[in-house]
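Contents: one structure, followed by commentary.
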Ligand code: ADP
Ligand code: MN
Ligand code: MN
Ligand code: MN
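Numbering (this note's numbering), first residue to last: 1192 to 1577.
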């Protein structure tokens, strides 16, 4: 048995009494931001006097030449920067609201707000890749680029061992778990179901979920989302996943290869289409994009995990439905290629393509930015990180 966290043992029925109390017309707003390791998430909550209707100030206030009232104010937090062994320093950072969702934990009218992190000079922090992504998405706006991301993850007990696995060993080999049903195959479905509902309530464009090839490994899909929305939605969907897991006393890791050996890793496949690709005869534009991607394989691999490709080395081996990290390949219905053209797309002669290289712990802002700039911009310098 895997041990659960202390919090998960708290009485959730007692909690319910307080959760249903009226809140006097006020609104709880939970600000969410990305840690400076580019992976973890943080949040803190404040009370606003009224329910914000959007991130932006209402139009009429913008047009008045007096004060522009922002519905959700900026905030700040104290960041701990760690470098080398136990050296660390603290710095005050700005939180700039970027997008807003409904809060599925404390319910309406309460909100979740994903924020960008700025340094005290108001430039983006080292791991704030939203700003750079937004710039590229604005440049390619006419192409109406859509993304859909498949987020794979693995459930772990508090001891870091895959959730539900025998304590001293392994479950039966892979084969029956992918989309599996039954107590000996699917482990942790409650979390998947609750996360799915939480996403729908919040307003995340979640479009599916399934059990993965390794036992205790799952996937959810978000999309299609246009431009910057992909990164925004995926980061909030990740927040919801970790937060749901907290209630159950289980961990969700996005490590791209949580178990060494004959077990599938975890990816973040990115599906992509432009307006031209979706129209009749669009396959030729997909092929053009793949041709461009083939020339920038190394640059893409560098931004497809938070450690410049080092995390993905363990996963992109050429086995377990992956292509080798050192070689760019593409093919129809080929799950061992870097880029796959789905069979249906090849039949229809239009649609989208799938970049199978991003790791599960990738930053979707960097991945979508790299793909949009390689495929749609001539200025290749844009691909690089911040
Ligand atoms: P797979 O067969 O690779 O497991 P999934 O069904 O898990 O595929 O995921 C398909 C993804 O493709 C979803 O995230 C979906 O939003 C996305 N998608 C579907 N159509 C498009 C499109 N035209 N452009 C971009 N993404 C798309
Ligand atoms: Mn999938
Ligand atoms: Mn999958
Ligand atoms: Mn896929």
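Glycine included, every Cβ here is placed at the ideal spot set by N, Cα and C.
For this session: Answer yes or no: the CB of residue 1545 versus the heavy atoms of ligand 3, is any distance below 6 Å?
Result: Locating residue 1545 in the chain shown gives position 354, counting from the first residue. Because no heavy atom of ligand 3 lies under 6 Å away, the Cβ of residue 1545 does not count as near it: no.
Point to revise | Identity of the residues DSSP links to residue 1236 by a beta bridge | key: Your numbering for residue 1236 matches position 45 in the chain shown. Partner(s): 1221.
- Nearest to residue 1419 by CA position, among 1300, 1335, 1454 and 1406, is which residue? Taking the chain shown and counting its residues from 1, one reaches residue 1419 at position 228. Ranking the options by Cα distance to residue 1419, first place goes to 1335.
> Leaving out the 5 sequence neighbours to the left and right, which residues in its chain are closer than 6 Å to residue 1337 when beta-carbon positions are compared?
Replying inline: Counting from one through the chain shown, the residue named residue 1337 turns up at place 146. For residue 1337, where only same-chain residues beyond five positions count, the Cβ hits under 6 Å are 1415, 1417 and 1464.
So, residue 1481 versus residue 1516, is the Cβ gap smaller than 7 Å? For the purposes of this step, residue 1481 is taken as residue 290 along the chain shown, with counting starting at 1. For the purposes of this step, residue 1516 is taken as residue 325 along the chain shown, with counting starting at 1. No, the pair does not count as a contact, with Cβ atoms beyond the cut-off.
- Message: Let me confirm a value: residue 1316 is counted as buried when at least 16 other C-beta atoms fall within 10 Å, else exposed. Which label applies?
- Response: For the purposes of this step, residue 1316 is taken as the residue at position 125 of the chain shown. Buried is the call here.
query = Can you list, in chain order, the residues of its chain whose CB lies under 8 Å from that of residue 1218, leaving out five sequence neighbours each side?
reply = The sequence position of residue 1218 within the chain shown is 27, counting from 1. Once the five neighbours on either side are set aside, the close Cβ partners of residue 1218 are 1238, 1239, 1240, 1241, 1242, 1243, 1300, 1301 and 1302.
Q. Is residue 1331 near residue 1563, with beta carbons less than 7 Å apart?
A. As a first step, residue 1331 must be located in the chain shown, where it is residue number 140. As a first step, residue 1563 must be located in the chain shown, where it is residue number 372. Cβ distance < 7 Å, so residue 1331 and residue 1563 count as in contact.
Taking three-plus beta-carbon pairs below 8 Å as touching, is the segment 1217 to 1235 in contact with the segment 1356 to 1376? no
Alpha-carbon spacing of residue 1294 relative to residue 1441, whole angstroms: Taking the chain shown and counting its residues from 1, one reaches residue 1294 at position 103. Taking the chain shown and counting its residues from 1, one reaches residue 1441 at position 250. Distance between the alpha carbons of residue 1294 and residue 1441: 21 Å.
| query | Cβ of residue 1451 within 6 Å of any heavy atom in ligand 4? | reply | Mapped onto the chain shown, residue 1451 falls at position 260. False, no ligand heavy atom lies under 6 Å from that Cβ.
Between residue 1542 and residue 1473, how many whole angstroms is the CB-CB distance? I'm expecting something under 8 Å.
To locate residue 1542, count along the chain shown from 1; it is residue 351. To locate residue 1473, count along the chain shown from 1; it is residue 282. Contact flag correct, Cβ pair sits at about 7 Å.
inquiry  = Quick check on residue 1166: does DSSP put it in helix, strand or coil?
reply    = No statement about residue 1166 is possible, as the shown extent of the chain runs from 1192 to 1577 and does not include it.
At a threshold of 6 Å, does residue 1341 count as lining ligand 1 (C-beta to nearest heavy atom)?
Locating residue 1341 in the chain shown gives position 150, counting from the first residue. Yes; taking the cut-off as 6 Å, the Cβ of residue 1341 has a heavy atom of ligand 1 nearer than that.
- Query: Applying the criterion that 16 or more other CB atoms from any shown protein chain within 10 Å of the CB defines a buried residue, is residue 1566 buried or exposed?
  - Reply: For the purposes of this step, residue 1566 is taken as the residue at position 375 of the chain shown. With at least 16 other beta carbons inside 10 angstroms of its own, residue 1566 counts as buried.
Once you ignore the five residues that flank residue 1575 on each side, which residues in its own chain have a CB closer than 6 Å to its CB? Against the chain shown, residue 1575 aligns to sequence position 384. Because residue 1575 sits at a pLDDT of 49, beneath the cut-off of 50, its placement in the model cannot be relied upon, and the point is left open.
With a 10 Å radius around its C-beta and 16 neighbouring C-beta atoms as the bar for buried, classify residue 1198 as buried or exposed.
As a working mapping, residue 1198 is identified with position 7 in the chain shown. Classification for residue 1198: exposed.
Check your understanding: Mind checking whether the beta-carbon of residue 1566 lies closer than 6 Å to any heavy atom of ligand 1?
Key -> To locate residue 1566, count along the chain shown from 1; it is residue 375. Outside the cutoff, so no.
>> When you measure from the CB of residue 1460 to every non-hydrogen atom of ligand 4, does any distance come out below 6 Å?
In response: For this step, residue 1460 is matched to residue 269 along the chain shown. Residue 1460: yes, Cβ under 6 Å from ligand 4.
Three-state secondary structure assigned by DSSP to residue 1574: Counted from its first residue, the chain shown places residue 1574 at position 383. Low local confidence applies: a pLDDT of 48 at residue 1574 is under 50, so the model's placement there is unreliable, and no value is given.
From this set, 1519, 1365, 1536 and 1280, which residue's C-alpha is nearest residue 1475's C-alpha?
Within the chain shown, the letter at position 284 stands for residue 1475. Here the closest residue by C-alpha is 1536.
- If you draw a straight line from the alpha carbon of residue 1210 to that of residue 1275, how long is it in whole angstroms? Sequence index remark: in the chain shown, residue 1210 carries index 19 (1-based). Sequence index remark: in the chain shown, residue 1275 carries index 84 (1-based). Distance between the alpha carbons of residue 1210 and residue 1275 is about 43 Å.
Per the contact definition of three or more C-beta pairs closer than 8 Å, is the segment 1487 to 1497 in contact with the segment 1384 to 1391? no
Taking only heavy atoms of ligand 3 into account, decide whether any of them is closer than 6 Å to the Cβ of residue 1410. Indexing the chain shown from 1 puts residue 1410 at position 219. Yes, Cβ of residue 1410 sits closer than 6 Å to a heavy atom of ligand 3.
Check your understanding: Is residue 1337 near ligand 1, judged by its Cβ being under 6 Å from some heavy atom?
Key -> Mapped onto the chain shown, residue 1337 falls at position 146. Yes, the beta carbon of residue 1337 sits closer than 6 Å to at least one heavy atom of ligand 1.
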